[in-house]
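Notes for the one structure printed next.
Protein chains: 6
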Amino acid sequence: MKLEEMTSEEFSNFVDSLAVVILPIGAVEGHGWHLPLNTDTVQPEKVAREVEEILEADNYKVLIAPTLNYGNCRTTANFPGTISITPDSLRSVVRDILTEFMRHGLKNIVVLSGHAGSNHMAALRMAAGEALKTGNAKIMVLSDYDIAYKHLGEEVPKDDGHGGMLETSRVMAIRPDLVKLERSQGESHPELPPYRILKNPERYFTKGYRGYPDRASEELGRKMNQMIAEELAKLIEDMIEETVL
Amino acid sequence: MKLEEMTSEEFSNFVDSLAVVILPIGAVEGHGWHLPLNTDTVQPEKVAREVEEILEADNYKVLIAPTLNYGNCRTTANFPGTISITPDSLRSVVRDILTEFMRHGLKNIVVLSGHAGSNHMAALRMAAGEALKTGNAKIMVLSDYDIAYKHLGEEVPKDDGHGGMLETSRVMAIRPDLVKLERSQGESHPELPPYRILKNPERYFTKGYRGYPDRASEELGRKMNQMIAEELAKLIEDMIEETVL
Amino acid sequence: MKLEEMTSEEFSNFVDSLAVVILPIGAVEGHGWHLPLNTDTVQPEKVAREVEEILEADNYKVLIAPTLNYGNCRTTANFPGTISITPDSLRSVVRDILTEFMRHGLKNIVVLSGHAGSNHMAALRMAAGEALKTGNAKIMVLSDYDIAYKHLGEEVPKDDGHGGMLETSRVMAIRPDLVKLERSQGESHPELPPYRILKNPERYFTKGYRGYPDRASEELGRKMNQMIAEELAKLIEDMIEETVL
Amino acid sequence: MKLEEMTSEEFSNFVDSLAVVILPIGAVEGHGWHLPLNTDTVQPEKVAREVEEILEADNYKVLIAPTLNYGNCRTTANFPGTISITPDSLRSVVRDILTEFMRHGLKNIVVLSGHAGSNHMAALRMAAGEALKTGNAKIMVLSDYDIAYKHLGEEVPKDDGHGGMLETSRVMAIRPDLVKLERSQGESHPELPPYRILKNPERYFTKGYRGYPDRASEELGRKMNQMIAEELAKLIEDMIEETVL
Amino acid sequence: MKLEEMTSEEFSNFVDSLAVVILPIGAVEGHGWHLPLNTDTVQPEKVAREVEEILEADNYKVLIAPTLNYGNCRTTANFPGTISITPDSLRSVVRDILTEFMRHGLKNIVVLSGHAGSNHMAALRMAAGEALKTGNAKIMVLSDYDIAYKHLGEEVPKDDGHGGMLETSRVMAIRPDLVKLERSQGESHPELPPYRILKNPERYFTKGYRGYPDRASEELGRKMNQMIAEELAKLIEDMIEETVL
Amino acid sequence: MKLEEMTSEEFSNFVDSLAVVILPIGAVEGHGWHLPLNTDTVQPEKVAREVEEILEADNYKVLIAPTLNYGNCRTTANFPGTISITPDSLRSVVRDILTEFMRHGLKNIVVLSGHAGSNHMAALRMAAGEALKTGNAKIMVLSDYDIAYKHLGEEVPKDDGHGGMLETSRVMAIRPDLVKLERSQGESHPELPPYRILKNPERYFTKGYRGYPDRASEELGRKMNQMIAEELAKLIEDMIEETVL
């Protein structure tokens, strides 16, 4: 169920039987010339809806909170259209939201981010750690790409990445109208100098993506979205069933 | 146009001819038993779309940024389902977004909030003030209720307020499926002790709304939404045409 | 009684029978060429003394804390002589003071500001909200202009404002020696563009005041000061008598 | 001249010929049972007025800013009536005030504190250091006790201190009506364990003062106040005449 | 050369010919019963010295800054002896140090951490990002384990980790006197529930390490330390030779 | 014993019988041309080791924590090689460390700084004050120069100071290899204008030290180091034996 569409009364009636709440975290981030700025928003929203379906089939009630539409983007910060909030801002707002969930008695919480930048993810983890100081709950923080990238080397080449074959396929399966595959510029294998913090990372990353968007297909996207949802649903069920806090 | 649905390239091509960007600010807030938690989200989103229509008819290009779905709720903080972020978190994330707009060269910016709480609005104004330290732009910060409440005393009684006749009507005109008018509990005239900062404001505000939801009508809502959009469109056109920064 | 003039021992003896403490908040802010920079300081100090008189006549013991002489000024920030502290600094220092009042067991607290800027007032309310996290007390936060402006449209025109007929009259009744009425420049009806956050608001506000200082009179000032004190005294007595926290 | 009593216009006319601005910093702090809580406020205010007299006689124009009436009190924090703000709050508000002085073009600034606690003074120094990042000015930060204590061992015993013979004398010379010498409890030589940060320092400091209040005299106070003013006036004239920033 | 052992004059003479400065970041963190708390300190210090040797042989002058001996430990926070500083504290102090390096004109900077926790590393990266706002330099931020773990699956099993075969071997090669191999408790394969932020992670991590310390050897440690130093020296030489900032 | 060289198990076994933990605070700071940048690090480390010896002889178990190698330097900030962290960064990291000591049950804590700058020391005291809000412990915060300077006027002239006869002697007794006495430039009596916060203090402090390094001797250094250790050991034993918190 969508938290935002409930009334106070409906929430109040529902909260005790609730199994888990999912907070999708999106981003407004350049992904080459072929993918929309909300690429990292539509993916976790789609996964959340599919996870809800699977869990509800197993008789777990799921609440989906409104998406936080902004995230922190480090290496793509200077591309047209990227709107990056600082890790501190991200951390603050997510800490507040998780703290509110806990105040309302929610016991199982999933923070599901479409964007997987390391500082962005660290901000989310720190937010969860800070919320946990106000009480206790079982909190999971992950990107759907934490799961997706475990499958690289199967159908998708190992060096595919941001805006590549896998991500393009997934968006094609969700919002095909937003994908401009004809504007893709073929393979791209940017080699950012390793371990560097760069003022102008886009100099090393000229096409704004990494990998093989030209090999993308809606079918692969559907399959991956489904697989991610199933693996995540399993992880969440395990968390719900865990009795230790 | 929706910022989030553009690619980097489309944004890049579009930005120079852009007249104004609108950032809708929502909230997850209890509004009695008859209105959904996203009441303060659907209203500014609707107004933004109607403003876009009016402005585009006048040949101004409009960009609508992804809604920030969370806000700061003070007097309703303790109602079921309210998810309030602190004024500081709100300020930080909005400051970052506005700063990014300015970095991309956007010159006319409207922050349009559905929620009108005084600390919430102060946070938005402070965010704009801080962003202005990084450059210059014309920034407007308002709630659609700043406009709407100027019309109290006409069709809507002067003491109608949060979740009352006017707000219920407006939501009925936008998302009638989310309004549970049958769960409304009639007139409500809570008298919060004036000028007080209260730990438990809900004690004085027992129904969670103020005014006359029972007198609401979809027709009134449509009329008000239209009127707000027109007045706001006029204000924005004036801002665009102003030459001083 | 003045808190600052007591010894530790006197405070200690007095604190249990105390009904209310008033913290006046001033400002150093340009008010045209005819009013002194401490216009917003002398007014709440005067009101506090008159409120004390009224309450003591009703057998309530009143403590007046030392005035905080600095506030946050947004639209007048660039006028000669304005010394504005940030909303964050204001909030921090007021939060600390209120927290200390609560630590000493004071149960009824009034924060009375002469300046009524919206961010300034938001800072004071946030300070109170934060102090309330350390315990409980009944706290009122207001500007004397919250009361005064309810009477606009009676003797004073509705569009009178900052440094206008009403404010000039009030200062004339308190510190006539500081009013240079001959330097006033007649009516002034600045129209700041609505809802705007401006880098240089003084461009739209050229005389530094709004309204009709030329129509000011000491008599009107005395009457208004008295009326404000009486209305505020009534509000405070209601707060003291309230038993819920 | 008092900054607060000027109009914007008077400040504007005066600022170019101004030699120095003095910002007095007070405190609300327990000083035994014989001295008022504003002991540390009346002293720097008195010194500032006397310094002004001396400097104006030497043809230097002096501006006295409104006193900041609150300071940070560490070892006396738990005494009745002490209202201590944190070092961070103190630093923020003083940084803002100094930054504003510099924005208005004031080139010689003296921060004169009555209270001399080490964290309190550090906060003032840090505030000055931060303000200096926004421009340049000659800033002096001191307590009048930095000067006064250099004279211990002359008429006043070397181990006299907070609320002792020297301080009591000085307050007697300024506000004799506030001194309750009869409530003094004789000599007091608290030995706080050296270099300790204590949660409850008042356990070791039972009378709330240190030294010989019983030996205080108004005459000594007058003499000390005069001497401090003269030494400080000399330091300020040296600073004004210095040409390096 | 060690920065700390130079005089001001020596530093001043040396700084222009300097190729790179290395800042080792340590930790005080429980590593099972067999490794010392400074395990994550001695490793990067050793690597830094070996890198220096290699680089100096290639005629690059190297400066080694004093080690920051404290880091942020999340999953081991509750083990005896762990002294964890928050990510914010770590970030602040490292940001200050890097900013100072840049102020002194150092152009190539390596932050080398022994600890590899994700929030710890994020704090270091954020520190570098913030320092870069004050100017420009080439900054590399890594853990020696970023290099070491790329070799898992060769001599060391893939699931070896914190305090395991690899780390134990490395410390044996550096400070054999501090390794109490006899107190190791054999294989340990803690399975922390994936993606979870845990209040009490040690519940799932009962031996305080992960992997095969019993298979450790000084010889393997020496080999790994050497290999890491060589790979890192290569990366640093590439960075030094790069001409773009 | 050195905290850093213990294993988790050893720490765990040791902690109950522990009498006191010492945290040495160093600095990287220019001290003329004759002393190394780690002058303020080697001194408290030496004192800590000697204090440990004395206390252990009296059957008190001592833990020495890893040195924090960076401090805040105000007046020497602009000299070659000075790496100064802000007072806020210093405070944060030390607060975290002390809080961790308290979490582990350590009851007597000494923060021993080689550097004695007033803002630096204030940061350490504030850190201790903040840590004390999380529980209770006996905490001492001092510089070894708080003790050393009490002996000025005996063998060492009263106006000797930073990098002078006393400090040079002490470093000669600890690390004679790092002292370049031949690079000293004779007597230096910089007169910083009193009470001033200076943007460029080095203008008034041209040699980077104050006093008589040429009169330094290793013998005097040994004697002073010993005396400081003995006085400090006595203070610590008194603290340990104190029963009040």
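Residue numbers (this note's numbering), protein chains in the order written: chain A, 3 to 247; chain B, 3 to 247; chain C, 3 to 247; chain D, 3 to 247; chain E, 3 to 247; chain F, 3 to 247. Backbone N, C-alpha and C fix where the C-beta goes; we use that ideal spot for every residue, glycine too. Given the structure is predicted, the values throughout are model-derived calculations rather than measurements.
Nearest residue (CA-CA) to Pro26(B), options Lys182(B), Gly116(B), Asp240(B) = Reading the second sequence from its first residue, position 24 is the one you call residue 26(B). Of the candidates Lys182(B), Gly116(B), Asp240(B), the one whose C-alpha sits nearest the C-alpha of Pro26(B) is Gly116(B).
Are the Cβ atoms of Tyr1(D) and Val44(D) separated by less than 8 Å?
-> This structure does not reach residue 1(D), given that chain D is present from 3 up to 247, and the question cannot be answered.
Going along the chain, which unbroken runs of the beta strand (DSSP E) with 3 or more residues stay wholly within the region 10 to 58 of chain F?
-> As far as the region 10 to 58 of chain F is concerned, its whole beta strand (DSSP E) runs of at least 3 residues are 20 to 27.
CB Ala139(B) to CB Leu108(B), shorter than 8 Å?
-> Translated into positions along the second sequence, residue 139(B) becomes position 137. Translated into positions along the second sequence, residue 108(B) becomes position 106. Result yes, Cβ atoms of Ala139(B) and Leu108(B) sit closer than 8 Å.
Using the beta-carbon count (16 or more within 10 Å), is Ala59(E) buried or exposed?
-> Mapped onto the fifth sequence, residue 59(E) falls at position 57. By the neighbour-count rule (16 or more Cβ atoms within 10 Å), Ala59(E) is not buried but exposed.
Beta-carbon of Tyr72(B) versus every beta-carbon of chain C: anything under 8 Å?
-> Taking the first residue of the second sequence as 1, we reach residue 72(B) at position 70. No, Tyr72(B) does not count as interfacial toward chain C.
Paired residues, beta bridge with Gly223(E) - DSSP | As a first step, residue 223(E) is located in the fifth sequence; it is residue number 221 there, counting from the start. Beta-bridge pairing links Gly223(E) to no other residue.
Glu221(A) Cβ short of 7 Å to the ligand COA heavy atom set = Among the components modelled here there is no ligand, and therefore nothing to report on the ligand COA.
Which two residues bound the contiguous beta strand (DSSP E) that contains Ser145(A)?
-> The count along the first sequence starts at 1 and reaches residue 145(A) at position 143. Residues 140 to 145.
Endpoints, beta strand (DSSP E) assigned at Asn110(B) = Position 108 of the second sequence holds residue 110(B). Here the beta strand (DSSP E) through Asn110(B) covers 110 to 115.
Counting contacts by CB-CB distance shorter than 8 Å, is Lys135(B) in contact with chain A?
-> Position 133 of the second sequence, counted from the start, is the residue given in the question as residue 135(B). Judged by the 8 Å Cβ criterion, Lys135(B) is not in contact with chain A.
For the 8 Å Cβ check, are there 3 or more pairs between the region 14 to 26 of chain D and the region 188 to 206 of chain D?
-> no
Using a Cβ-Cβ cut-off of less than 8 Å, list which residues of the region 32 to 46 of chain A approach chain B; keep chain order.
-> Gly32, His33, Gly34, Trp35, His36, Leu37, Pro38, Leu39, Asn40, Thr43
Pro192(B) CB to nearest chain A CB: under 8 Å?
-> Here the question's residue 192(B) lines up with position 190 in the second sequence. False, the Cβ-Cβ gap to chain A never drops below 8 Å.
Which residues mark the beginning and the end of the beta strand (DSSP E) in which Val64(D) is found?
-> In the fourth sequence, the residue the question calls residue 64(D) occupies position 62. Segment 63 to 66, the beta strand (DSSP E) holding Val64(D).
Output yes or no for whether 8 Å exceeds the beta carbon distance between Thr78(B) and Thr84(B).
-> Working through the second sequence from its first residue, we reach residue 78(B) at position 76. Working through the second sequence from its first residue, we reach residue 84(B) at position 82. Cβ atoms of Thr78(B) and Thr84(B): closer than 8 Å.
If we count the other Cβ atoms within 10 Å of its Cβ and call it buried at 16 or more, is Ser145(A) buried or exposed?
-> Residue 145(A) sits at position 143 when you count from the first residue of the first sequence. Looking at its Cβ environment, which holds 16 or more other Cβ atoms inside 10 Å, Ser145(A) is buried.
Would you report the Cα separation of Ile87(F) and Ile99(E), rounded to the nearest angstrom?
-> In the sixth sequence, counting from the first residue as 1, residue 87(F) sits at position 85. In the fifth sequence, counting from the first residue as 1, residue 99(E) sits at position 97. Near 6 Å, if we compare the C-alpha coordinates of Ile99(E) and Ile87(F).
Distance, Lys225(C) Cα to Ser171(C) Cα = Position 169 of the third sequence, counted from the first residue, corresponds to residue 171(C). Position 223 of the third sequence, counted from the first residue, corresponds to residue 225(C). Roughly 9 Å between the two C-alpha positions.
Three-pair Cβ contact test at 8 Å for the region 149 to 158 of chain E versus the region 205 to 223 of chain A = no
Would you check if the distance between the CB atom of Trp35(B) and the CB atom of Arg212(B) is smaller than 8 Å?
-> Along the second sequence, one-based indexing puts residue 35(B) at 33. Along the second sequence, one-based indexing puts residue 212(B) at 210. Going by C-beta atoms, Trp35(B) is not nearer than 8 Å to Arg212(B).
Counting only the same chain and skipping the five closest in sequence on each side, list residues whose C-beta sits under 6 Å from that of Gly223(D).
-> Here residue 223(D) refers to the residue found at position 221 when the fourth sequence is read from its first residue. These residues qualify, in order along the chain: Ser171, Arg172, Met174, Ala175.
Roughly how many whole angstroms lie between the Cα atoms of Arg251(F) and Ile56(D)?
-> Limits of chain F in this structure are 3 at one end and 247 at the other, which puts residue 251(F) out of reach.
Does any residue of chain B bring its CB to less than 8 Å from the CB of Ile141(C)?
-> For the purposes of this step, residue 141(C) is identified with residue 139 of the third sequence, where counting begins at 1. Taking 8 Å as the CB threshold, Ile141(C) lines the interface with chain B.
Answer yes or no: does any C-beta atom of chain B fall closer than 8 Å to that of Val95(A)?
-> By 1-based counting over the first sequence, the position of residue 95(A) is 93. It does: the Cβ of Val95(A) has a partner Cβ on chain B nearer than 8 Å.
So Ile99(F) is in the alpha helix (DSSP H); what residue range does that whole segment cover?
-> What you label residue 99(F) is simply residue 97 of the sixth sequence in a count that begins at 1. Element bounds for Ile99(F): 89 to 105.
Buried or exposed: Asn74(A), going by 16 or more other Cβ atoms within 10 Å of its Cβ?
-> On the first sequence, residue 74(A) is found 72 positions in, with the first residue counted as 1. So Asn74(A) ends up on the buried side.
Specify, as a first and last residue, the run of the alpha helix (DSSP H) that Ala175(B) falls within.
-> Position 173 of the second sequence, counting from 1, holds the residue named residue 175(B). It spans 167 to 176 - the alpha helix (DSSP H) in which Ala175(B) sits, taken as one unbroken run.
With a threshold of 16 other CB atoms inside 10 Å of the CB of Glu193(A), please say whether the residue is buried or exposed.
-> For the purposes of this step, residue 193(A) is taken as the residue at position 191 of the first sequence. When all chains shown are included, Glu193(A) counts as exposed.
Neighbourhood of Ala118(C) by C-beta distance below 6 Å, restricted to the same chain and skipping five residues each side | In the third sequence, residue 118(C) corresponds to position 116, counting from 1. If we look at Ala118(C) and ignore the five residues flanking it on each side, its Cβ neighbours are Ser145, Tyr147.
Could you tell me whether the Cβ of Ser171(A) comes closer than 8 Å to any Cβ of chain B?
-> Here residue 171(A) refers to the residue found at position 169 when the first sequence is read from its first residue. Nearest CB-CB separation between Ser171(A) and chain B: not below the 8 Å threshold.
Between Thr208(C) and Ala130(E), what straight-line distance do the alpha-carbon atoms span, to the nearest angstrom?
-> Taking the first residue of the third sequence as position 1, residue 208(C) is located at position 206. Taking the first residue of the fifth sequence as position 1, residue 130(E) is located at position 128. Rounded to whole angstroms, Thr208(C) to Ala130(E) spans 45 Å at the Cα level.
Leaving out the 5 sequence neighbours to the left and right, which residues in its chain are closer than 7 Å to Thr101(F) when beta-carbon positions are compared?
-> Here the question's residue 101(F) lines up with position 99 in the sixth sequence. Cβ neighbours of Thr101(F) beyond the five flanking positions: Ala133, Thr136.
In the region 152 to 184 of chain F, which residues sit with their C-beta less than 8 Å from some C-beta in chain D, listed in chain order?
-> none
Alpha-carbon spacing of Arg97(B) relative to Leu126(A), whole angstroms | Stepping through the second sequence from its first residue, residue 97(B) is reached at position 95. Stepping through the first sequence from its first residue, residue 126(A) is reached at position 124. Each residue's alpha carbon lies about 19 Å from the other.
Min CB distance Lys201(F) to chain D below 8 Å | Taking the sixth sequence and counting its residues from 1, one reaches residue 201(F) at position 199. Yes, its Cβ sits closer than 8 Å to a Cβ of chain D.
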